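Same order as they appear, the protein sequences are chains S, A, D and P.
Quick note, the numbering used here runs 2 ahead of the 1-based positions in the first sequence.
Quick note, the numbering used here runs 2 ahead of the 1-based positions in the second sequence.
Quick note, the numbering used here runs 629 ahead of the 1-based positions in the third sequence.
Quick note, the numbering used here runs 629 ahead of the 1-based positions in the fourth sequence.
In what follows, a structure is listed as structure tokens, so that the remarks can point back to it.
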Amino acid sequence: MSLILTEEQVQLQDSANAFVADNWTVGELRKLRKDTGKGYPEALWQKAAELGWLAIPFAEEYGGLGLGFAELGVVLEELGRGLVVLPIVSSVVLGGGALRLGGTEDQKKAWLPKVCDGSALLTLASQETSRHDPYAVQTTATRQGNGYVLKGRKVLVPDGHAADAIVVVARTSGALGDRSGLTLFLVDPSAPDVKVHRNLLLDSRVAANVELNDVRVDASAVVGTVDQGADVLDQVLAEAAVALSADMLGGIQQTFEITLDYLKVREQFGAKIGSFQGLKHRAARWFCEKELSKSIVLQTLRALDEKAENALQLASVCKARVSDTARLSGKEGVQMHGGIGVTDEHDIGLFMKRGRVSEMLFGDAAFHRNRFAQMKGY
Amino acid sequence: MSLILTEEQVQLQDSANAFVADNWTVGELRKLRKDTGKGYPEALWQKAAELGWLAIPFAEEYGGLGLGFAELGVVLEELGRGLVVLPIVSSVVLGGGALRLGGTEDQKKAWLPKVCDGSALLTLASQETSRHDPYAVQTTATRQGNGYVLKGRKVLVPDGHAADAIVVVARTSGALGDRSGLTLFLVDPSAPDVKVHRNLLLDSRVAANVELNDVRVDASAVVGTVDQGADVLDQVLAEAAVALSADMLGGIQQTFEITLDYLKVREQFGAKIGSFQGLKHRAARWFCEKELSKSIVLQTLRALDEKAENALQLASVCKARVSDTARLSGKEGVQMHGGIGVTDEHDIGLFMKRGRVSEMLFGDAAFHRNRFAQMKGY
Amino acid sequence: MADVDSFRTEIRAWLAANCPPTCQGKSNVLPDMVWGGRRQTWPHPDAKLWFDRLVEKGFTVPTWPKAYGGAGISPAENKVLQEEMARIGTRSMLFNFGIGMLAPALMEFASEDQKRLHLNRTARGEIRWCQGYSEPGAGSDLASLRTSAVRDGDDYVINGQKIWTSDANVSDWIFCLVRTDPEAPKHLGISFLLFDMESPGVSTSPIELISGSSPFCQTFFDNVRVPVTQRVHTENRGWDVAKALLNHERTMLADGGRGSAAGAARKSLLQVARQAMGASEGRLPDAAMREELVQWEMDRLCYEATLKRTMDAAKAGKGMGPEGSMFKLYLSEMNQRGADLRQRIAGHEALVWTGDDCPADERQITREWLYGKASTILGGTSEIQLNIISKRVLGLPGD
Amino acid sequence: MADVDSFRTEIRAWLAANCPPTCQGKSNVLPDMVWGGRRQTWPHPDAKLWFDRLVEKGFTVPTWPKAYGGAGISPAENKVLQEEMARIGTRSMLFNFGIGMLAPALMEFASEDQKRLHLNRTARGEIRWCQGYSEPGAGSDLASLRTSAVRDGDDYVINGQKIWTSDANVSDWIFCLVRTDPEAPKHLGISFLLFDMESPGVSTSPIELISGSSPFCQTFFDNVRVPVTQRVHTENRGWDVAKALLNHERTMLADGGRGSAAGAARKSLLQVARQAMGASEGRLPDAAMREELVQWEMDRLCYEATLKRTMDAAKAGKGMGPEGSMFKLYLSEMNQRGADLRQRIAGHEALVWTGDDCPADERQITREWLYGKASTILGGTSEIQLNIISKRVLGLPGD
């Protein structure tokens, strides 16, 4: 496993970079605050689909490109650099990923080609508690006739308001907090007993709370094995954490570069502020953290592709480290900009906000350190 | 409660300061490494007794001065500033404190006057595990006839090799880790079944490991109430943690001042190194930590004297904060001195070593944060 | 003590006779604060009545001299006054930047005429003041300001721009630093002026922050004419006034923070944590978060002890001096860290900016976290405080 | 690939014919390292025999040109050689500062005669080198060194003092920075000399550290005569050589740390913790310590990944450059933090310096912790690394 980009990956990076430059400015985020529709630019979504990005990790028989997370990571990093809002993690990694890993042949045939060409948007409804806790599932799925009845409330469902299908995690047995007893179901959000609340997050992305009021689904809606849903869920959430880390890495790098440029031009007390050791040494330490984050993202993306034995451990190392670095970057980026950094007018605050939301999605640093400790016997 | 020194306390401070200047240099510590006797300068011990310092917290009827921890703290801070080695915490706070708090009238009459005039040295044998854990007591005391038989092994008994009597914590009932079931006994270390191993600590102070091989004691040796020894033990250990914090505070302040002086004279790259923001800002932050440490020490000493409801909580805040600041001081003190700082020839390393040992005695920062969390319901 | 006791008797009698019952107790009609000035409104006529009586006695600023609108009482007597008002659940409501920051500087630097005029009007709540210090290009290097004041007959003509002017759009007068000598070294060409915000040529525009709308404004001066008599202290020596004023500001921030931010955070951090993560065997289940919370709480207690120690020293006649910078630095960073922790603990609800299905409390946590990012920047960045501590407290050489 | 395969066959045959069985496998008679030089001793005659055969083939420094004592093989071939030696459990033992640091600088700056002489002697293990850089007064400001070299006929006469000379008391030759022009700007008056440590006027004295005795020495020069022919590169341009050498040193430290310190710490941190605090329901009971341990372990993994990424980039032809400073900074601080953690976890046993009732392992932990304090100072302080990163990597302006 080499931790540098192949020639093909460099080309992909260039193309993603050009895509962002041609189609998007960070300032678009301010407009999205007032948007009440899908919450992402639909024309861009179509272009991303045309470029094949939504097809990256899927097998060719379902319309995919048969590539891996190493490639998806390259794209996400560039989009993160530009703070582009597109539901790739939701549809390709979460919803599409659950089907890729656990779906029946029928489910895959029905949905994955649409995920790949962008004509359908999938997502995952997992979280119920304030803080990420994947087995704390109270939503129940009760067997009834040839199907199940789902009842419960999900929060922070990424792009749930715009989804065409939602993979819902429900409890079919066991007690709150048990790893076993979870089952995944494919649910149609337009069904009459599903209620979707659209929430604008602080970084202008959108997530939904989803109420399931005795929603009836057919037995064919089960994704993966009944009661063993955690096998798929753990993998999907780890993949989402790593994919999101790539997006965060882009934001971290851009925050660092914007700030470094500022340190080189802003003058105070008759000198460039970048000449003050007080700021300079902090910038150097921040640089080290950024480089370490970059390395662990590259390594973990590849570990997922190679199905390495320690991939889930690395995913926790990756998300914990990148979350900490994102927090540091948000803090230093704003602080080093001084007054202008806390105005809504300047972009640096937008990077901090995106980093903050991502930090807390799919488990924050504390969650992943704890998880790593359990896996490793600490 | 005022957090500034009274006039009498300022006088006491001046007198302790003069005592150190007249009788001691930090370099004496290097000699103590080769000492195989009591491990502290006996002539100074006698002088300290003559100045009344050993009598500070005891009632006048036992030869004491009837003063409090606020006063003892003033003395310990100055001794800590000079890295003076005297067994005040062992004899006055630990051993003497256990008798003061839990001793019978006979025990007090027999020992406290001798503690006050320095003719006897007391200490406490509590710890058994690698890390401080006051209820993890495996040493047993089994009832036999009119007395008890003690069996077990104690570690890190401060000045245990030089003690005339040792208060030993043993288990009379309950299981390992239980708070109840502990009993304190006054043990004669010269008894045939007691074996004392003298250990030189890394900061040139001495502690002992004590083996109790079926040591017989009379029922009159019990200090406090059988099975309820933790009531006295908790208080004694808290008082020792705070008293030691005062000593550490002295070391922290001296480390800071030595380093600050060095920053003002040492030149590199044609300038005083104290003019570099990289060091300057760190010195300023260190200053803040030092000031916060000083405040919490002053407050906690007074809370002990006033028997404040939250005194034990404050003791944990105090020891945790001062331990963290001592670690920071040792680290910054040595690092800012550069190469000379890691040589045995320079004093700064001696301050780091004393701070390190003190950091770990009577519970390190992690222990006290955990304890505070439990007391406050976190 | 006899004096104090008789003063207490006197105050009780005066309160009994003058404080309307509607202005006492828990459900009184008083507004939280009276900022004063031409925009002041009153929720109830009794509140206005009570305020007028306070003004008449000099009790809005009790320790100021009577000649300047105060009551001329001692700190000890003022303590009694505050205790007695607290006892019946009433208070003196006047609060604005004029009292805590400008007034001490005027006492030290203004002419007698200026003091009589401006201190009296401030004490009577007739002026709400704002502060014209920062400029977009200057930042931490305050003294490099460029707003110009050019002498023209008996007036200065002001042109330029200020930023971070709190409440400029609702204030009456401004105390303002301007450059009167562009040739002199930067600290020696600055003057300190007072003028009416309704003067022709003054305009303001509110600043939106990352946390949303804010009390801060940009303020523009386009040929604003200010009489020379409204300059405080010698021409080109305004930096002396500014420095004194900044010291008062830091002291006020350190002390003010005590009741508000730290206090509010203390009440809720553990509560927020319990609500978000519940308890397992009586403890917070997330050990990593628990550790961070405890560290924060311990820092808070140590900070409180330090504040108390400094106040005790001040009472004993030892002034605060440049350590004020330590309080600004530590308090702002500690509160920022507390707000960060609270937001992280609160979890998903605190990520929601707007939405129909989310509690307002959590949304507020996020806005406070963002607003707190300004606390280590505005009023002197943490880096400036570190410079001040290392230079003025530690005596380390300049860069 | 065909070439590599045939090279492998060739090597296997040579090893089979030349490597004594006593020098293979787990219980071989080889010393850990051969430092070389006049004090070299051999634990077993076979080890000497094997070493001589390695020297003869140029396999102590396989990638060096044959003319300088190497085997002139490519990096790919060297990989095969190392693999094949590892396969039978043998190795090339030669290690000293001459190989990793001095030799690359000589290759770049020395005359052909100097290269032939010194590189060959180094490759043959005839010289153990030490480094004469630091001076007591100079510290991080290396270039302000004051050891003087005054021209006298065909010699320089050296007077002055060096510090932190590792193993000076057991080394044969020194590579040394001296001041040849006291009037020039400090970087432009330095020359780079090589000379014998047995020259009259050289003396050494070991330095005791806070951790106890150490390999470091002070080295004194009292009218030491060194032929001008032993100067490398132009007079007064020795700083060019020094800079190149320091870069190699940092690279070596970053890479060397991988196997030793970080590796050793990894094996034992969790073990130390389990031994000192046991486990409760399979987890370390002290949650605060557990959190610190996990953070450290995660940092270590991220550091390893970064090292790998850089090596992968180097393989692809992208040099390391000034990022070397990042590795020195991060590795030394991470290992220092690891040593600190280990000592704190070990508890009371690790507080004991000497005593008859305490395990040696724990006493060793304390010495390592203390010795680790030097790692962020010697070989360039962390502050110097931060300066280098901000200037040379980030392009920030100088102070």
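C-beta atoms are modelled at their ideal positions from N, C-alpha and C, and glycine is treated no differently.
No experiment lies behind these values; they were computed from the predicted model shown.
When secondary structure is reduced to three states using DSSP, Phe849 of chain D falls in the strand class. DSSP places Asn749 of chain P in the uninterrupted alpha helix (DSSP H) bounded by 749-752. Contact of Thr1010 of chain P with chain A is assigned, a C-beta pair being separated by under 8 Å. Proximity of Arg973 of chain P to chain A, defined by a Cβ-Cβ separation below 8 Å, is satisfied. Contact between the segment 342-350 of chain S and the segment 227-241 of chain S is absent: fewer than 3 CB-CB pairs across the two stretches fall below 8 Å. Contact between Ile728 of chain D and Val690 of chain D holds: CB atoms are separated by about 6 Å, below the 8 Å threshold. Under DSSP, Asp784 of chain D takes part in a beta bridge, and its partners are D:Asp781, D:Pro856. Taking 8 Å as the upper bound for CB-CB distance, Ala328 of chain A and Gly253 of chain A are in contact here, some 7 Å apart. Excluding its 5 nearest sequence neighbours in each direction, Gln711 of chain P has no C-beta neighbour in its own chain below 7 Å. Using a Cβ distance threshold of 8 Å, Leu774 of chain D and Leu806 of chain D count as a contacting pair.
The criterion of a C-beta distance shorter than 8 Å is satisfied by Asn788 of chain D and Asn852 of chain D. Take Met722 of chain D, set aside five residues on each side of it, and the residues of its chain with a beta-carbon closer than 7 Å to its own are Leu659, Pro660, Met662, Val663, Phe680, in chain order. One finds nothing in chain S with a Cβ atom closer than 7 Å to the Cβ of His370 of chain A; even the nearest lies about 21 Å away.
Straight-line spacing of the CA atoms in Pro814 of chain D and Arg866 of chain D works out to 12 Å. Taking 8 Å as the threshold, the shortest C-beta distance from Gly768 of chain D to chain S falls below it. Under the three-pair Cβ rule at 8 Å, the segment 4-18 of chain A does not count as touching the segment 919-928 of chain P.
By the neighbour-count definition (other C-beta atoms within 10 Å, threshold 16), Val633 of chain P is an exposed residue. Chain-ordered, the chain P residues with CB closer than 9 Å to the CB of Ala916 of chain D read Ala916, Ala917, Arg919, Glu920. Per the Cβ contact rule, the segment 256-270 of chain A is not in contact with the segment 209-220 of chain A (fewer than 3 Cβ pairs under 8 Å).
Of all residues in the segment 277-303 of chain S, only Phe278, Gln279, Gly280, His283 come within less than 7 Å of chain A when Cβ atoms are compared, listed by chain position.
Two segments are said to touch when three or more pairs of C-beta atoms, one from each, lie closer than 8 Å; by this definition the segment 56-75 of chain S does not touch the segment 154-172 of chain S. Interface criterion not met: the Cβ of Arg329 of chain S is under 8 Å from no Cβ in chain P. Judged by their CB atoms, Leu186 of chain A and Gly104 of chain A are nearer to each other than the 8 Å cut-off. Interface annotation, Asp119 of chain A: not in contact with chain P, CB-CB separation never under 8 Å.
The straight-line gap separating the alpha-carbon atoms of His134 of chain S and Leu214 of chain A is approximately 52 Å. The DSSP-derived three-state label of Phe258 of chain S is helix.
Relative to Phe353 of chain S, the option among S:Leu314, S:Leu14, S:Val28, S:Trp288 whose CA is nearest is S:Val28. The beta-carbon of Ser961 of chain D is placed no less than 8 Å from the nearest beta-carbon of chain A.
Taking 4 residues as the shortest admissible run, the segment 643-731 of chain D contains the following complete alpha helix (DSSP H) segments, listed from N- to C-terminal end: 674-686, 704-716. Spatial neighbours of Ser954 of chain P in its own chain (CB-CB distance under 7 Å, excluding positions within 5 residues in sequence) are listed in chain order as Arg879, Gln1014, Ile1017, Ile1018.
From the beta-carbon of Gly789 of chain P, no residue of chain S is found nearer than 7 Å; the closest lies around 30 Å away. Under a 10 Å Cβ-count criterion, Thr670 of chain D is classified as exposed, with fewer than 16 other Cβ atoms of the shown protein chains found around its own Cβ. For Val170 of chain A, the closest C-alpha among the options A:Ser192, A:Gly97, A:Ala240, A:Glu10 is that of A:Gly97.
Chain-ordered, the chain D residues with CB closer than 8 Å to the CB of Lys266 of chain A read Gly1024, Leu1025, Pro1026. Counting C-beta pairs with one atom in each stretch, the segment 273-288 of chain A and the segment 329-343 of chain A have three or more that are closer than 8 Å, which means they touch. Among the CB atoms of chain A, none fall inside 8 Å of the CB of Gly818 of chain P.
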